[in-house]
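Participant:
In our numbering, the protein residues as written are 1152 to 1234.
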């Protein structure tokens, strides 16, 4: 009888942990820049009409996107020659 009570208590505590699961927290746009080493690829939140290349991950306010390159971007020749 004592074993059944202990077993039920263990199963109850484990099942509560399984039900909660892992909650996913989306990254902010600025947080996606953590491992980017090229300054020309740093993203920021801008109006979606001004963006040429956007990053599909990264949370921004409404009507804004996580943008890597704006519409009028210029290629940095020094950086282009390094690669």
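Even glycine gets a Cβ: it sits at the ideal position worked out from N, Cα and C.
Only a predicted model underlies this, so the values are computations on that prediction, with no experimental measurement involved.
1. In angstroms, rounded to a whole number, what distance separates the CA positions of residue 1193 and residue 1175?
2. Tell me which same chain residues have a C-beta within less than 7 Å of the C-beta of residue 1178, skipping the five on either side of it?
3. Spell out the partners DSSP gives residue 1197 in its beta bridges.
4. Report the three-state DSSP secondary structure of residue 1176 (helix, strand or coil).
5. Are the CB atoms of residue 1199 and residue 1180 nearer to each other than 9 Å?
6. Work out the CA separation of residue 1216 and residue 1206 for me, nearest whole Å.
7. How many Å lie between residue 1218 and residue 1203 at the Cα?
8. Helix, strand or coil for residue 1186, going by three-state DSSP, please let me know.
Facilitator: The structure says:
1. Position 42 of the chain shown, counted from the start, is the residue given in the question as residue 1193. Position 24 of the chain shown, counted from the start, is the residue given in the question as residue 1175. Here the alpha carbons of residue 1175 and residue 1193 stand approximately 23 Å from one another.
2. Along the chain shown, one-based indexing puts residue 1178 at 27. Cβ neighbours of residue 1178 within its own chain (closer than 7 Å, five residues either side excluded): 1208, 1209 and 1210.
3. As a first step, residue 1197 must be located in the chain shown, where it is residue number 46. Looking at the DSSP output, residue 1197 sits in a beta bridge with 1216.
4. For this step, residue 1176 is matched to residue 25 along the chain shown. Secondary structure at residue 1176: coil, using DSSP grouped into helix, strand and coil.
5. On the chain shown, position 48 is the one that residue 1199 refers to. On the chain shown, position 29 is the one that residue 1180 refers to. A distance of 9 Å or more separates the beta carbons of residue 1199 and residue 1180.
6. Stepping through the chain shown from its first residue, residue 1206 is reached at position 55. Stepping through the chain shown from its first residue, residue 1216 is reached at position 65. Here the C-alpha atom of residue 1206 lies approximately 8 Å from the C-alpha atom of residue 1216.
7. In the chain shown, the residue the question calls residue 1218 occupies position 67. In the chain shown, the residue the question calls residue 1203 occupies position 52. Cα-Cα distance, rounded: 7 Å.
8. On the chain shown, position 35 is the one that residue 1186 refers to. Coil at residue 1186, not helix or strand.
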